[in-house]
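There are 2 protein chains.
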Amino acid sequence: MTEEAKMQTSKGSVDATPRFEECKAVAKLHQLASNPFDLTGEGGLTPERVNTFVSEACGLKLLYATERVDERVISVLEDLAGETRAVEKMQQMQNGEVINSIEGYPSENRAVLHTAMRDFFEVPSMAKAAQEAAALAKEELHKLQVFTEDIEGKFTDMVMIGIGGSDLGPRALYLALEKYHTRDRHVHFIANIDPDDAAMVLKGVDLAKTLVVIVSKSGTTLETLTNEEIVRARFSQAGLDPNRHCVAVTGQGSPMDDPSRYLESFYIWDYVGGRYSATSMVGGVMLAFGVGYDNFWDLLHGASAMDKVALDGDVKKNLPLLSALLGIWNRNFLGYPTVVVVPYSQLLHRFPAHLQQCDMESNGKQIDKRGRAVDFQTGPVVWGEPGTNGQHSFFQLIHQGTTPVPAEFIGFSESQFSQDIEVQGTSSQEKLLSNLFAQALALAVGQKSDNPNQNFPGNRPSRVLLGQKLTPYTLGALLAYYEHKVAFQGFVWNINSFDQEGVQLGKILATKFLDVFKGKTGDFSIGEALLKQLPR
Amino acid sequence: MTEEAKMQTSKGSVDATPRFEECKAVAKLHQLASNPFDLTGEGGLTPERVNTFVSEACGLKLLYATERVDERVISVLEDLAGETRAVEKMQQMQNGEVINSIEGYPSENRAVLHTAMRDFFEVPSMAKAAQEAAALAKEELHKLQVFTEDIEGKFTDMVMIGIGGSDLGPRALYLALEKYHTRDRHVHFIANIDPDDAAMVLKGVDLAKTLVVIVSKSGTTLETLTNEEIVRARFSQAGLDPNRHCVAVTGQGSPMDDPSRYLESFYIWDYVGGRYSATSMVGGVMLAFGVGYDNFWDLLHGASAMDKVALDGDVKKNLPLLSALLGIWNRNFLGYPTVVVVPYSQLLHRFPAHLQQCDMESNGKQIDKRGRAVDFQTGPVVWGEPGTNGQHSFFQLIHQGTTPVPAEFIGFSESQFSQDIEVQGTSSQEKLLSNLFAQALALAVGQKSDNPNQNFPGNRPSRVLLGQKLTPYTLGALLAYYEHKVAFQGFVWNINSFDQEGVQLGKILATKFLDVFKGKTGDFSIGEALLKQLPR
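In order, the protein sequences belong to chains A and B. To convert, count from 1 in the first sequence and add 27; that's my numbering. To convert, count from 1 in the second sequence and add 27; that's my numbering.
Next comes the structure, spelled out in structure tokens:
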């Protein structure tokens, strides 16, 4: 590429942030990491430490006494946030500056404004781009309110068709609000191109009373359009007009923005990335149906409150930033390659899958914002299952495996359903919380034993996020907490967390394989060889 | 511990296997790993290689051309299997020898005989312990057949209560056989101590027509007994006798083996570990109800067929061993800390969670079978979600992240429901398979580009397991393939894959926290400090 071409393709301002490994704080942190805080001994994890290493915002408390940090490490992590201008970049993001870009190379060159999808509460942004985006989002919310009233009583079931960002986040939120589900209404999800996914969902629904929401920003997603065709064919076979059962969530002017085929089109914009779209109409249309508009509004309120917290320059009050920095300590300085997220709440059972997408698609990158190969580790593998279930599964490795796995626990003082009984003197919720704290403690302090099989090395880091109850508001705050944690890690690493070029090569090759299936073999001999291996 | 005590506590024979890092093959593999096979260049991943690097058993084909191995590496991996007597140990396991032990220390000292739960087909084991175990298992199967006929027409719903091994495997199998579900019957699962788990399930069932299966080998699992009490209270509140709705799956003589409280008790034994118990009555009672006894029998047949394959001394025919060795190459020689399992089958959406348990609880260990600390990496972090969904989520990191993640793909030529339509010239199943192969290929060959954001390093290993269709038989074979892959890795590393001491410390500490909740504070000041942080 010529220099001239490079200049033309870059719209972003020149980035003056130092490279991660050149930060002064990074050098200091490498030194400190040679002797991290010892949680196992006397004077390690004390009650005083527990009471000190706590931050709180939006009703969520972050306990990080069980991380391998001391005040000195925290202080240098704060320096790192300053040196990399992390909060300033968050402000730029929420202001609607073009931050989704790679300097000097063709890139998406977009603003990143998912926060504008919910900026309707206490102190809305004063930035023009953010205000314009919020105004457009508000229009869609009004449309949604009207639509929700119009369809009242007409449908019992909703099938949401979408994949990736148009599936994982919304689905996780819907499942997390089980107690708030609208009476006598059910929501189902089809995501996979696997025809068994649609078959499985469709065997259980009464099409005459079913509304279908199809979600694709571009209006061209292979899986989604194919599944839409499958569902439309079923309506036609049943003598029903699919156009009277389908709703679109898409970009204005996309192939799916077509009033002849959809009852209504709700809009999303290119400044809302898929994995950050749960609070836009991508999640909104389904949630307004499934849990009610008011509960969706409360969720937006919680998310927006956390958005404001993310702008706080005081690291100890800025929960997402603090969590991001602790993660960077574990990833880049203690050298741990994965993170496990364990919600002690069965209702959050699909929340780790959403976070997995949000984090790994954002920060699984190998170049920085100026297109240079990074010389440090970026995003970890993020995975998880609910506790206490996980304790009877993978926790063996977390405690005694050869690769430590930093853990992020999530818990609530109260259950959502408030249906609990005492067995052997304690409620189930008390048993649940006892297990949560016991795991954090066991990982931290370990245990010495003459029997080597009962040795626990300890010093395995974790942190705990605690809320009072999993309400729509709290769920919104939790969602935004993780969105911003991911963004902050990207800001500190100086990578672009908002594109996903890594998914393109597979798409291109899949098209070649489709040609082989169609009998157009061409020169794709490796494809023919692979397909020949399919059992018949 | 005295020498005498050590002798008394060990029943196993003295283990003559060399330590992993002392194996001759290990030294050679370290050398070979400095220059692993290059998949990216000309002459790398050729059609000939695809046709050569294939093994097949029980209708499953293992394609490993996209791993970074050549014939030389395969040959030394075969040597490693020989040196560590991997197949001999598998034979000992299936014969019922006491292999669940740590030499010289107190340990479970048990046989490991999940294979006997299904050894009723072509060539049953001739070993006495295995035959006795199979005979006992057969008795339970007969009981199950009779019970299944007795309850015909009486129940529409089943609630299965169990956690860990009594949940993940059976649940994954039930969900994988959606097309085979018994008409007008539904199975629900309660696992978590979280009271919202039970509340969520119970809001949807008609108790009068509900059968409850409670699964706990010891009859003392906290979560399971608590949830049983919750469910029993609901029956009583509804004026129903819980004793006429509950069935136990437990060890003979356990507190749950009580005919006054259960319609029937089905037995399991201490030589069947929880995570290996899906083909015992732990999975059987639920599956006979949910998919029918005959389909459960077919699943046992498939599992047993793979058990026999695991005894084959020819590594290239022994699929689980071959896969185990490829995993060891990636883990110990190429240094990759995690493994992602991606079934291109939506019906297998909970199968990775089962494998996660099976693998991480088995091989997340830090001592060898003689109680010595290991000086090499043992079990990796295993995680996964179905494709194509994952492509729109974490695949960004798999392609372009800084930590390569070896992938295990699973696919089938045909869908289970056989409900498919052509869109744009291909069926959904064809699109699904195109995507599967495209990902394996893209990870292997990568792509060079002037735009650094479109650079794909390639040489990211994967293997593909292909079947014709996800039938009960194939599912059984797939289950056993992974069970034995895990066991083989444990054999080669010479660790004990069949205990789980790492879960004990958390249990002990949870009990202390429960005491704090009960107001018995004692000397547990750290517990009080942690609980004080709960939001109110």
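All C-beta atoms in this analysis are idealised placements derived from N, C-alpha and C, irrespective of residue type, glycine included. As the structure is a prediction and not an experimental result, all values here were calculated from the model.
Item, Value
"To the nearest angstrom, how far is it from the Cα of D97/B to the Cα of A504/B?", "27 Å"
"Quick one: is R563/B near chain A, going by C-beta distance under 8 Å?", "yes"
"To the nearest angstrom, report how far apart V543/A and S454/B are at their CA atoms.", "13 Å"
"Taking only the alpha-carbon atoms, compute the straight-line gap between S442/A and A380/B and give it to the nearest angstrom.", "24 Å"
"Let me know the secondary structure DSSP gives S489/A once reduced to three states.", "strand"
"How long is the line joining the alpha carbons of I129/A and D395/A, rounded to whole angstroms?", "8 Å"
"Considering only C-alpha positions, which residue in the set Y500/A, F525/A and R490/A is nearest to H511/A?", "F525/A"
"Run through DSSP, which three-state label would L561/B get?", "coil"
"Taking the alpha-carbon of L200/B as reference, which of N322/B, H57/B and Y294/B has the nearest alpha-carbon?", "N322/B"
"Between the alpha carbons of K344/A and L338/A, how many angstroms are there, rounded?", "10 Å"
"Answer with yes or no whether the minimum CB distance from I394/B to chain A is below 8 Å.", "yes"
"Whose C-alpha, out of C85/B, F80/B, L140/B and M227/B, is nearest the C-alpha of A160/B?", "L140/B"
"CB F483/B to CB Q474/B, shorter than 8 Å?", "yes"
"Out of curiosity, what's the CA-to-CA distance linking F182/B and A154/B?", "40 Å"
"With 16 as the cutoff for other CB atoms within 10 Å, does Q384/B come out buried or exposed?", "buried"
"Taking its Cβ as the centre, do 16 or more other Cβ atoms sit within 10 Å of N462/A, making it buried, or is it exposed?", "buried"
"Check whether the segment 478 to 494 of chain A and the segment 83 to 94 of chain A are in contact - that is, three or more C-beta pairs closer than 8 Å.", "yes"
"Between R212/B, K244/B, E435/B and E457/B, which has its C-alpha nearest E94/B's C-alpha?", "E435/B"
"Step through the CB atoms of chain A and report whether any lies within less than 8 Å of the CB of F540/B.", "yes"
"Among V366/B, R212/B, T111/B and T237/B, which has the Cα closest to the Cα of A46/B?", "Going by the sequence as given, residue 46/B is Arg instead of Ala. Among V366/B, R212/B, T111/B and T237/B, the Cα nearest to that of R46/B is on T111/B."
"Going by beta-carbon coordinates alone, are Q446/A and A226/B separated by less than 8 Å?", "yes"
"Give a yes or no on whether 8 Å exceeds the smallest Cβ distance from G191/B to chain A.", "yes"
"Buried or exposed: which applies to D341/A, given that a residue is buried once 16 or more other Cβ atoms fall within 10 Å of its Cβ?", "exposed"
"Measure the CB-CB distance between A260/A and I448/B and report whether it falls below 8 Å.", "yes"
"Quick check: what's the CA-CA separation for L163/A versus E135/A?", "21 Å"
"Can at least three beta-carbon pairs, one atom from the segment 306 to 315 of chain B and one from the segment 266 to 283 of chain B, be found at a separation below 8 Å?", "yes"
"Run down chain B in chain order and give the residues with a C-beta less than 9 Å from the C-beta of P479/A.", "I129, Y132, Q393, I394, G398, R399 and A400"
"Please decide whether N62/B counts as near chain A, where near means a Cβ-Cβ distance under 8 Å.", "no"
"I'd like the list of long-range same chain contacts for D233/A, defined as Cβ closer than 8 Å, with 5 residues on each side in sequence excluded.", "T183 and D184"
"With the cut-off set at 8 Å, would you say L352/A and A108/A are in Cβ contact?", "yes"
"Could you pull out every unbroken alpha helix (DSSP H) segment of at least 4 residues lying fully inside the segment 245 to 310 of chain B, listed in chain order?", "249 to 264"
"For T29/B, which of helix, strand or coil comes out of DSSP?", "At T29/B, the pLDDT of 40 sits below 50, so the modelled position is not reliable; the number obtained from the coordinates is stated separately. Residue state, collapsed to three classes: coil."
"If we define contact as Cβ-Cβ less than 8 Å, is I553/A a contact residue for chain B?", "yes"
"Taking 8 Å as the cut-off, does the segment 262 to 272 of chain A touch the segment 113 to 125 of chain A (at least 3 CB pairs, one atom from each stretch)?", "no"
"Kindly identify the DSSP beta-bridge partner or partners of A138/A.", "V125/A"
"Do I437/B and L375/B count as a contact pair if the criterion is CB distance below 8 Å?", "yes"
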